[in-house]
């Protein structure tokens, strides 16, 4: 059983799909591991570290030659997989609903044509036994943390209240929109920095989570029958009635905030618009908005992927691939997700992982030259 670890080629991608720690663990399982030279350099993992862990280091072609499993952070360009073994697994974040050069249905079709079994790690079901395999949660956790630091870096004032001989500095007011993994970490980080934090979500069940972190929940009331909870714990698209009530509530609250962090995503669909240009204009000059959903269409009107723009005196931060900006830790967590996934299904007699139907059918996009995932066939 040979596992190949490829160097990421997507623009701005600094993470790597395996670390010396996980390479050592794969070798202990009985696998051979081949790492493309320089694969971990941008995440502060050098080739010597991989070699010491038991991996062979070589070119991309050498890593791919005879590989049974290919690991990646983002799905590699199919053209760069020449010579890949028929039936080999490709386990990575494959972004099948995305657009552009690093994802999308067309790229999945190309994986099928290559004869590989493409496994989309972001399709991992949100069930108890798969929590340690969930790349979305591990990377979102870091993104939520980094979003607060990015906001603090752009904000021209202090976060905590400070009482000094020269007078008192008021605590920054931070509003988090979307209380998933990223949102919860953003709340916790902003609280640690001393900010006055509030948060909202379309899922009423998150109210207790917000309170548990010491933040104030801001929720639409008296809109009966709308919970906002979709399958797997994700948010769903809201009714027009809820959207109108939420817009009114947010408009009055957002005008009083110094920093707003938006994290709302709906799998397979564009990110919902949460903040309008008029709402931005209501904020005081010097305020900051961080849009963590900017690559999926954005929660904020006027946000630009990969840029920090200013509108009405308010900075709108739209960094791409936020987790990758913490490359070493993000890689360590991502690599453990992949190891936890493969090791959980490792058959010692066959010396390879054998997937069950519950998880295999959920994440498998291609098999035998065809698209097989129901989410792509509908």
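Residue numbers (our numbering): -13 to 364.
Backbone N, C-alpha and C define an ideal beta-carbon position, used for all residues, glycine too.
Hey, quick one: how far does the beta strand (DSSP E) through residue i stretch, first residue to last?
i           : result
residue 10  : Element bounds for residue 10: not the beta strand (DSSP E) but the alpha helix (DSSP H), 6 to 15.
residue 345 : From DSSP, residue 345 is part of no beta strand (DSSP E) but of the alpha helix (DSSP H) over 343 to 349.
residue 277 : 274 to 277
residue 19  : 18 to 22
residue 296 : 294 to 297
residue 303 : 300 to 303
residue -10 : -12 to -9
When you compare each of the options to residue i by their alpha carbons, which one comes out closest?
i           : options            : result
residue 121 : 78, 136, 153, 99   : 78
residue 302 : 167, 338, 265      : 265
residue 251 : 187, 341, 323, 142 : 187
residue 161 : 242, 153, 114      : 242
residue 244 : 316, 226, 230, 270 : 270
residue 181 : 206, 200, 195      : 200
residue 330 : 319, 345, 320, 155 : 345
residue 1   : 24, 94, 333, 134   : 24
residue 68  : 108, 137, 52, 80   : 52
residue 339 : 179, -10, 15       : 15
residue 169 : 203, 156, 157      : 203
residue 178 : 157, 195, 163, 189 : 157
residue 64  : 335, 94, 38        : 94
residue 58  : 254, 228, 108      : 108
Check whether the Cβ of residue i sits closer than 7 angstroms to any heavy atom of the ligand SAM, and report yes or no.
i           : result
residue 105 : As far as ligands go, the structure on display features none, and thus does not contain the ligand SAM.
List the residues that DSSP assigns as beta-bridge partners of residue i.
i           : result
residue 161 : 184, 246
residue 154 : 149
residue 77  : 57, 105
residue 42  : 20
residue 193 : Its beta-bridge partners do not exist; DSSP assigns none.
residue 255 : 252
Would you say residue i and residue j are within 8 angstroms of each other, going by their C-beta atoms?
i           : j           : result
residue 103 : residue 274 : no
residue 123 : residue 324 : no
residue 55  : residue 74  : yes
residue 192 : residue 167 : no
residue 316 : residue 105 : no
residue 304 : residue 294 : yes
residue 280 : residue 267 : no
residue 66  : residue -5  : yes
residue 198 : residue 326 : no
residue 312 : residue 132 : yes
residue -12 : residue 18  : yes
residue 155 : residue 163 : no
Which residue marks the beginning of the alpha helix (DSSP H) containing residue i, and which one marks its end?
i           : result
residue 94  : 91 to 100
residue 139 : 121 to 140
residue 261 : It is not in any alpha helix (DSSP H) - residue 261 carries neither H nor E in the DSSP assignment.
Quick one: using the 10 Å Cβ neighbour count with 16 as the cut-off for buried, is residue i buried or exposed?
i           : result
residue 256 : exposed
residue 277 : buried
residue 22  : buried
residue 361 : exposed
residue 310 : buried
residue 350 : buried
residue 151 : exposed
residue 337 : exposed
residue 206 : buried
residue 352 : buried
residue 89  : buried
residue 359 : buried
residue 356 : exposed
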